[in-house]
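Take a look at the structure below.
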Amino acid sequence: MKTLVVSDEIRAKAPALRVLQIEAEIENPDTPEALWAEMEALAADVHGRYAMEMVNKRPAIAATRTAYKACGKEPNRYRPSSEALMRRMVKGLELYRTAAVIDLINLLSVACGHSIGGFDADRIDGDTVTLGIGREGEPYEAIGRGPLNIAGMPVWRDNTGGIGTPTSDNERTKLSPSTRRLLMIVNMYGDEMPVADIEALARRLLVTYASAKNIQTRLLD
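Per my numbering: the sequence shown = residues 3 to 223.
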């Protein structure tokens, strides 16, 4: 497994942070109908249960927003991915259908409330990935967004640079149909769904929809 390190600068800003690391050998086909049916059912549930003003008060999302503010980022301008996806569901907007592993990570993220990084482990430079805070002028190419200002944002870095933030992962290490080794990082800045339940749901989704093998997990707290 990759070695994940949480820097002292993040510990000082987000002392409650825990990180669930999940790695597996996978396949990443087009999103199957059964997975998309689960996503649409979750979206309907969220749409029926949440008003828009409730989304950023959900415990896991509120904790991530608090971490953003502590690190120096305005979460209303750079929303965590779990919040952005929930807002689409509450609005009843069409969801983006991509590939199996990406969509199952999105489903897991909304189910637990935490922003989750999903990376092609073979594209990561080195064996250690460290969580720090983004710096002014630090280059970062966000998936589907282009250059992203990550100054004051929690960011996972490999030997080359940033690979993931709660707002967006980086193009360089993104998942693709050819991905065969997955690194998933669940960024838990506060408590909501029990960790054992998050892991169990992740395992079920990975085995069912990504033919996952050799699943390994580790909790950093």
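Heads up, the beta-carbon is just placed ideally off N, CA and C, and yes, glycines get one too. On a predicted model such as this, the values are computed, not experimentally measured, just so you know.
*Using the Cα positions of L208 and L95, report the straight-line distance between them to the nearest angstrom.*
Cα to Cα, L208 sits roughly 26 angstroms from L95.
*In whole angstroms, what separates the C-alpha of T219 from that of Q23?*
5 angstroms
*Taking 9 angstroms as the cut-off, decide whether the C-beta atoms of L110 and V197 are in contact.*
no
*Indicate the three-state DSSP secondary structure (helix, strand or coil) for D199 in the structure shown.*
In the structure shown, D199 sits in a helix (DSSP, three-state: H, G or I).
*Looking at C-alpha atoms only, which residue of D122, L6 and T132 is the closest neighbour of I104?*
D122
*How close, in whole Å, do the beta carbons of Y211 and A69 come, if the pair is a contact with beta carbons under 8 angstroms?*
With a Cβ gap of about 30 angstroms, Y211 and A69 do not count as contacting.
*Do the CB positions of P149 and S83 come within less than 9 angstroms of each other?*
No, these two residues do not count as a Cβ contact at 9 angstroms.
*asked:* Using 9 angstroms as the threshold, is the C-beta distance between D47 and C114 below it?
replied: no
*Whole angstroms is fine: what's the gap from V21's alpha carbon to A45's?*
25 angstroms
*Return the first residue and the last residue of the alpha helix (DSSP H) that P141 is part of.*
Counting along the chain, P141 falls outside any alpha helix (DSSP H), and DSSP gives it neither H nor E.
*Please report the residue range of the beta strand (DSSP E) in which K93 lies.*
Careful: K93 lies outside any beta strand (DSSP E), inside the alpha helix (DSSP H) at S83 to K93.
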